[in-house]
Every structure is written in C-alpha cells, then in structure tokens.
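Novice: Numbering-wise (our numbering), the sequence shown opens with residue 1034 and increments by one. Beta carbons: idealized from backbone N, C-alpha and C, even for Gly. In this text, all values refer to a predicted model and were calculated from it rather than measured experimentally. Have a look at the structure that comes next, please.
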Amino acid sequence: MLGDLLALPIYSKSYKQYYKNADKEWSKTLRVFEDSWKRAGGSLSEDRKVIFQETYYAPPWKYNAIVGYIQIGWDLGGYITGYIFLKLKHIPKGHYKKTMSIKTTIGNNQTFYFTEISKAYIENNEDNNSIIKSINSITENGKLTLNKINKKWIVPDLPFTLECIDFIKVFGQLRQKHNRQKGAS
1034 MLGDLLALPI YSKSYKQYYK NADKEWSKTL RVFEDSWKRA GGSLSEDRKV IFQETYYAPP
1094 WKYNAIVGYI QIGWDLGGYI TGYIFLKLKH IPKGHYKKTM SIKTTIGNNQ TFYFTEISKA
1154 YIENNEDNNS IIKSINSITE NGKLTLNKIN KKWIVPDLPF TLECIDFIKV FGQLRQKHNR
1214 QKGAS
C-alpha cells in the first residue's frame, strides 16, 4: 500500500456496552467505598458520593475499547488495498505473530499487521463514485474477516459520507508525493 487513505478503528464492544460495563464497575467500587466508611463508624453522605463519583474515572470509549484498525489505501494503480492490524492480545491463538512475540503488558498493547483484505479493483480512477465503491467494498470485506475472528467486534460507520471527499484530488496528491520521494532516492 503506497497511499494511505483511511484508518478505521475496530472496537471490542459498542459504546453502550462499554459504559454499561463501566457503570457495573462503578457500582462495585462505590459499595467498597461505602463499606469502608461504615467500618470506620461513619456513613457516606450524598455530597461525598458525588465527590467520589467525580473523581472516579471511566476512560472514554472512543480511545480505550480499540482492538485494532482496518487500514485502507491505494496502490497507485487500479486497486484499493486493505489491511487489518490488531493489538497482540487480540490476535487469535496459533497465529505466527502470537507465537513469536514476547508476552508482556507493553507487548500485548502493541499493534501488529494481522492480515490483508482482498484488493478491490477501481473501475475508473477518474470517477469519485467508482473509488468510493471500491473503498466500501474493502470496508465490508474487512468487517466480514473480523466477524470470523470475533462476532462482537465493531467497526463503526464514519461520521461523514465518503462522497464529501474528492478522491481524484487525493490520488493526484498521493501520486505527486510518491514521485517526489522516488526522485529524492
């Protein structure tokens, strides 16, 4: 892949499920906190509960439930390409990356190449809709591949439509950048 276009996050769970789990954890934490106050001979006032809840931190879903990415790019020819990258701890057992890697907390959170998504042919490089159709094809194939690994993983839709991007212009800029880099070496 010579021209990166998009990186789509892969989430372990939905926004709703993530915060449902966070609320369960909060309830457990609050119970432990209340029990410690009772053992000390006091009771936890509503004001103290609010203060404690404000200090309790549930990290945002958008950045903390990510298991990997679908990287979508252009090969500077007639194809849109796609690759799946996963955090080591989410790569299925038996995969060569899993068996060769050092298992540490840091290593488990590193993101590695997992697999290639079959290329999508662009019918016409000068037609934005043709390019978008190929990008959508790669995205759907990536989702199908991920579904075989873990049915709960989610790749959310983009917050905008691809039609608002002029891929003809993007491709032109990627081609220029590639030619400059090629000339510099």
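1) Would you report the Cα separation of N1158 and Q1209, rounded to the nearest angstrom?
2) Over what stretch of residues does the alpha helix (DSSP H) that includes I1155 continue unbroken?
3) Assign G1205 to one of three DSSP states: helix, strand, or coil.
4) Do T1178 and I1150 have their C-beta atoms closer together than 8 Å?
5) Since W1186 and I1043 should fall inside the 8 Å C-beta cutoff, what is the C-beta to C-beta distance between them, to a whole number of angstroms?
6) Is it buried or exposed for L1191, if we count other Cβ within 10 angstroms and need 16 for buried?
7) Output the boundary residues of the beta strand (DSSP E) element that contains V1100.
Specialist: Straight from the coordinates:
1) Locating residue 1158 in the sequence shown gives position 125, counting from the first residue. Locating residue 1209 in the sequence shown gives position 176, counting from the first residue. Roughly 15 Å separates the two Cα atoms.
2) Translated into positions along the sequence shown, residue 1155 becomes position 122. Run containing I1155: none; DSSP gives neither H nor E here.
3) By 1-based counting over the sequence shown, the position of residue 1205 is 172. Three-state result, G1205: helix.
4) Your numbering for residue 1178 matches position 145 in the sequence shown. Your numbering for residue 1150 matches position 117 in the sequence shown. Result yes, Cβ atoms of T1178 and I1150 sit closer than 8 Å.
5) Locating residue 1186 in the sequence shown gives position 153, counting from the first residue. Locating residue 1043 in the sequence shown gives position 10, counting from the first residue. About 6 Å separates the CB atoms of W1186 and I1043; that is less than 8 Å, so the two are in contact.
6) Sequence index remark: in the sequence shown, residue 1191 carries index 158 (1-based). Sixteen is the threshold: since fewer than 16 other Cβ atoms of the shown chains lie within 10 Å of the Cβ of L1191, the residue is exposed.
7) On the sequence shown, position 67 is the one that residue 1100 refers to. Under the DSSP assignment, V1100 falls in the beta strand (DSSP E) whose first and last residues are I1099 to W1107.
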